[in-house]
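Chemist: Here it is, the structure, as structure tokens.
In the working numbering, the protein residues as written are 8 to 260.
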């Protein structure tokens, strides 16, 4: 193995283990000069494997790592999500959706339909709007704010209903609330009379790779019931995230 390749892999392993990392830490860990550390980081940044958070003067794993592992994770996600989706569908009797991140786009990967005649359909294989949906907001809540623009359309965002948040400033409180409680909420922002709760699934690097949501109509999921269902989705997504990282345990939903 060439020295350049080894050093590049060493940097990726360092960032994967320690998260946000300063240049001085790279220098110390690899035993290289500042110029060499910057050269390695610059090469990796050019391919999207790392990114520089300039305001914090740190480096972290980039989106190319998520994309590189997405294909490896997708089968595992589908396998691990199936019991969660079946349980949520059985207990809520509502539509349960799974979406995965593919090259900075959220795509519906599976859907278990509601038992009710009145329901909202989600088409497998179709893109999922990030700014209007609970799954999209959940994904954004698991990302640093500087990464949001990679997933969001240009402002003003497309309007699905009169309740759609059309700017980052309008969307931010929803994302911050989702980050605080662990699950996201869509209240008639993607469909009139529709309400949805969702949570993110984190992959091996700790970044979001997918999300699960439960969608209903406003009358069947009143405000006082949304928290319990949101927490149920959150617990399942935490379990799936844990399993993706190699852990084994049973959720208490």
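Even glycine gets a Cβ: it sits at the ideal position worked out from N, Cα and C.
In this text the structure is predicted, and so the values were computed from the model without any measurement.
If you count every other CB in all the chains shown that lies within 10 Å of the CB of residue 18, and 16 or more means buried, which is it?
Modeler: Here residue 18 is taken as the residue at index 11 of the chain shown, counted from 1. Buried, because 16 or more other Cβ atoms sit within 10 Å of the Cβ of residue 18.
Chemist: Could you spell out where the beta strand (DSSP E) holding residue 193 opens and where it closes?
Modeler: As a working note, residue 193 is residue 186 in the chain shown. From DSSP, the beta strand (DSSP E) with residue 193 extends over 191-194.
Chemist: Which same chain residues, not among the five before or five after residue 134, have their C-beta less than 7 Å away from its C-beta?
Modeler: Taking the chain shown and counting its residues from 1, one reaches residue 134 at position 127. Closer than 7 Å at the Cβ level, and outside the excluded window around residue 134, lie 112, 113 and 114.
Chemist: Measuring alpha carbon to alpha carbon, tell me which of 140, 181 and 217 ends up nearest residue 166.
Modeler: Mapped onto the chain shown, residue 166 falls at position 159. Minimum Cα distance to residue 166 is reached at 140.
Chemist: From this set, 117, 28 and 185, which residue's C-alpha is nearest residue 89's C-alpha?
Modeler: Residue mapping note: residue 89 aligns to position 82 of the chain shown, counting from 1. Comparing Cα positions, the closest option is 117.
Chemist: Residue 30 by DSSP, collapsed to three states: which one?
Modeler: If you number the chain shown from 1, residue 30 lands on position 23. Residue 30 falls in the helix class under three-state DSSP.
Chemist: Please state if the CB of residue 207 and the CB of residue 240 are separated by a distance shorter than 7 Å.
Modeler: Taking the first residue of the chain shown as 1, we reach residue 240 at position 233. Taking the first residue of the chain shown as 1, we reach residue 207 at position 200. The answer is no: Cβ separation not under 7 Å.
Chemist: Closer than 6 Å by C-beta to residue 63: which residues in its own chain qualify, once you throw out the five before and the five after it? Chain order, please.
Modeler: In the chain shown, residue 63 corresponds to position 56, counting from 1. Cβ neighbours of residue 63 beyond the five flanking positions: none.
Chemist: Going by C-alpha to C-alpha distance, which of 107, 203, 144 and 100 sits closest to residue 124?
Modeler: The sequence position of residue 124 within the chain shown is 117, counting from 1. With distances taken between Cα atoms, residue 124 lies closest to 100.
Chemist: Between residue 87 and the ligand COA, is there a pair consisting of the residue's CB and a ligand heavy atom that are separated by less than 6 Å?
Modeler: You won't find the ligand COA in this model; it holds no ligand whatsoever.
Chemist: If we call anything under 7 Å between Cβ atoms a contact, is residue 216 one with residue 210?
Modeler: Here residue 216 is taken as the residue at index 209 of the chain shown, counted from 1. Here residue 210 is taken as the residue at index 203 of the chain shown, counted from 1. Yes, they are a contact pair.
Chemist: Taking the alpha-carbon positions, what's the residue 195 to residue 252 distance?
Modeler: For the purposes of this step, residue 195 is taken as the residue at position 188 of the chain shown. For the purposes of this step, residue 252 is taken as the residue at position 245 of the chain shown. Taking the straight line joining both Cα atoms gives about 34 Å.
Chemist: Would you report the Cα separation of residue 246 and residue 120, rounded to the nearest angstrom?
Modeler: The residue you call residue 246 lines up with position 239 of the chain shown. The residue you call residue 120 lines up with position 113 of the chain shown. Roughly 22 Å separates the two Cα atoms.
Chemist: According to the Cβ coordinates, are residue 104 and residue 248 closer than 7 Å?
Modeler: Taking the chain shown and counting its residues from 1, the one referred to as residue 104 is at position 97. Taking the chain shown and counting its residues from 1, the one referred to as residue 248 is at position 241. No. Outside cutoff.
Chemist: Does the distance from the CB of residue 67 to the CB of residue 102 come in under 7 Å?
Modeler: In the chain shown, counting from the first residue as 1, residue 67 sits at position 60. In the chain shown, counting from the first residue as 1, residue 102 sits at position 95. Cβ distance not < 7 Å, so residue 67 and residue 102 don't count as in contact.
Chemist: Have a look at 52, 176 and 23 and flag the residue whose alpha-carbon is nearest the alpha-carbon of residue 214.
Modeler: Your numbering for residue 214 matches position 207 in the chain shown. That would be 23, whose Cα lies nearest to the Cα of residue 214.
Chemist: Put residue 223 into one of helix, strand or coil per three-state DSSP.
Modeler: Residue 223 sits at position 216 when you count from the first residue of the chain shown. The answer is strand: DSSP assigns residue 223 an E or B state.
Chemist: Report buried or exposed for residue 48, applying the criterion of at least 16 other Cβ atoms within 10 angstroms of its Cβ.
Modeler: Residue numbering aside, residue 48 sits at position 41 when the chain shown is read from its first letter. With 16 or more Cβ atoms within 10 Å of its Cβ, residue 48 is classed as buried.
Chemist: Would the beta-carbon of residue 61 fall within 7 Å of that of residue 37?
Modeler: Within the chain shown, the letter at position 54 stands for residue 61. Within the chain shown, the letter at position 30 stands for residue 37. Not closer than 7 Å, so no.
Chemist: Using DSSP with H/G/I as helix, E/B as strand and the rest coil, what is residue 170?
Modeler: Stepping through the chain shown from its first residue, residue 170 is reached at position 163. Note: residue 170 maps to coil in three-state DSSP.
Chemist: Please return the same chain residues whose Cβ sits closer than 8 Å to the Cβ of residue 28, not counting the five positions on each side in sequence.
Modeler: For the purposes of this step, residue 28 is taken as the residue at position 21 of the chain shown. Result list for residue 28: 21, 22, 65, 66 and 67, in chain order.
Chemist: Are the beta-carbon atoms of residue 148 and residue 96 separated by less than 7 Å?
Modeler: In the chain shown, counting from the first residue as 1, residue 148 sits at position 141. In the chain shown, counting from the first residue as 1, residue 96 sits at position 89. Contact flag unset, no.
Chemist: Name the residue from 180, 193 and 98 whose alpha carbon lies nearest to the alpha carbon of residue 168.
Modeler: On the chain shown, position 161 is the one that residue 168 refers to. Answer by Cα proximity: 193.
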